[in-house]
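These notes are about the structure you will find just below.
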Ligand code: HEM
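Numbering (our numbering), first residue to last: 13 to 412.
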């Protein structure tokens, strides 16, 4: 019988589960927590190879079909339908190439650099009222990336709280209730449809206005894709960065020597962020892929029509790739970690996430010289779900 590895042990410590699986073999036949059969790839080189194999597809319609076909007895594949279909994340070339190209200009290093002062301002505004005790997630990390992506897309400030709520429901619900996700996605799409109309009437210097222009001028993106892309950017740009901040800060709290080193040498911060991403990144597994033909991964034959899950967290702790992979070392400079994925679906928002991380850690450490956890680090709990890896809360205090 196939059981899910995404159980209570996984929730307590995914790294231990992944280490066991890597030791057992390159591919673990297992199931999602809702009883759909998947093949979980756990080693660095195999994960990379799977993410560039043209026989492994991300196309939405195919994914849905394969999902249904791999339901185990009593399993429930309805969660897959909760995803918005017409986006780059669930498409193959040429659609993927076309959709990604439309958004990519907004995320060049130059544009993101230009956004930095505004990110600093938003971050300072959130931190100003905080102290002496607060929840670093709820009171800061959840709001910052949502406000930044809201700014980039052109969501009016008055609507930011609603947007944060909808994005949270989308991600939270995915662990529990697909219906909740569908409802949140529908409400977000309706909101974004209205926003596109508003931008058409009064264009501004923001990403939604730019995409509306492309839609109206040359039709390279259709109505549904336009709104779906805005939705993807909202959701993908939010929760991930929240947990870069939360998991990174937790790792520093758990390693006071590394915290002291970073405080003493702030120039280490960009490299430290790469190590936060490698050591305990926010995304545990890639999104669903499926085989369109038989493939062999790490010597294991996988037939056509199977769901493939790449273990990003696992690959980043593979001792075959990184020396002493379980050691947290902010000076390691972990080249080519897989926290942002690999291949054509490599995270579009990586430059933005890195700058947000630099601003967040820079300001938190700069403002609060005595910042420390308000509960023992080993009592912090992780949120449920296969995709994301992040804390439920991170209570801190700013005094000794
Ligand atoms: C630390 C923060 C982040 C992490 C760890 C992260 C991680 C990832 C990963 C692993 C993928 C690939 C998924 C797969 O292949 O299955 C991805 C794709 C993507 N990410 Fe991120 N992400 C982060 C932040 C952001 C931000 C800030 C944005 C946008 C504002 C963003 C937008 C996207 C988009 C649009 C894709 C789809 C790209 C494609 O399919 O071509 N991400 N991200």
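Beta carbons are placed, not taken as given, at the ideal position from N, Cα and C, and that holds for glycine. It should be emphasised that the depicted structure is a prediction, and the values quoted were computed from it without experimental measurement.
By the criterion of a C-beta distance shorter than 6 Å, residue 412 is surrounded in its chain by 382, once the five residues flanking it on both sides are discounted. Segment contact: the stretch 16 to 25 against the stretch 394 to 401, three or more CB-CB distances shorter than 8 Å; contact assigned. Straight through space, the alpha carbons of residue 352 and residue 307 are spaced by roughly 24 Å. For the options 83, 341, 369, 38, the alpha carbon positioned closest to that of residue 128 is the one of 369.
Residue 265 is positioned such that its CB atom lies closer than 8 Å to that of residue 385. Judged by pairs of C-beta atoms under 8 Å, the stretch 47 to 55 does not touch the stretch 285 to 296, as fewer than three such pairs exist.
Going by C-alpha positions, residue 363 is about 35 Å away from residue 314. Within the model, the alpha-carbon separation for residue 72 versus residue 245 is close to 17 Å. Taking 8 Å as the cut-off, the Cβ atoms of residue 257 and residue 114 do not count as close. A residue is called buried when at least 16 other Cβ atoms come within 10 angstroms of its Cβ; residue 95 meets this threshold and is buried.
Under the three-state reduction of DSSP output, residue 47 falls in the coil class, being neither helix nor strand. By the neighbour-count definition (other C-beta atoms within 10 Å, threshold 16), residue 260 is a buried residue.
If only complete runs of 4 or more residues are kept, the stretch 160 to 224 shows the alpha helix (DSSP H) at 172 to 186, 190 to 213, in order along the chain. Each of 375, 182, 201 was checked against the Cα of residue 192, and the nearest Cα belongs to 182. Pairing residue 16 with residue 374, the inter-Cα distance amounts to about 39 Å.
Rounded to whole angstroms, the gap between the alpha carbons of residue 276 and residue 282 is 14 Å.
In the three-state scheme derived from DSSP, where H, G and I count as helix and E and B as strand, residue 398 is classed as coil. Across the structure, residue 156 and residue 356 are spaced so that their CA atoms are roughly 27 Å apart. Secondary structure of residue 323 (DSSP, three-state): strand.
Your pair residue 207 and residue 160 does not check out as a contact, with CB atoms roughly 17 Å apart and the cut at 8 Å. By the Cβ-count criterion, residue 125 is exposed, with fewer than 16 other Cβ atoms from all chains shown falling within 10 Å of its own Cβ.
At least one heavy atom of the ligand HEM is found less than 7 Å from the C-beta of residue 244.
In this model, residue 57 and residue 169 are separated by some 43 Å (Cα to Cα).
Taking C-beta separations shorter than 7 Å and ignoring five residues to either side along the sequence, the partners of residue 337 in its chain run 329, 330, 331, following chain order. Residue 300 and residue 321 have their C-alpha atoms some 6 Å from each other.
The stretch 97 to 115 makes contact with the stretch 217 to 237, as at least three CB pairs between them are under 8 Å. Judged by DSSP secondary structure, residue 109 falls within the alpha helix (DSSP H) whose first and last residues are 107 to 116. Take the alpha-carbon of residue 340 and the one of residue 380: they are about 22 Å apart. Each of 285, 399, 358, 378 was checked against the Cα of residue 62, and the nearest Cα belongs to 358.
Taking the Cβ of residue 252 as the reference point, at least one heavy atom of the ligand HEM falls within a distance shorter than 7 Å. With contacts defined by Cβ atoms closer than 8 Å, residue 135 and residue 250 do not form a contacting pair.
Non-local beta-carbon contacts of residue 211 in its own chain, meaning distances under 7 Å to residues more than five positions away in sequence, involve 166, 220, 221, 224 in chain order. When secondary structure is reduced to three states using DSSP, residue 233 falls in the coil class, being assigned neither helix nor strand.
Under the three-state reduction of DSSP output, residue 55 falls in the coil class, being neither helix nor strand.
Exposed is the label assigned to residue 86, since fewer than 16 other Cβ atoms lie within 10 Å of its Cβ.
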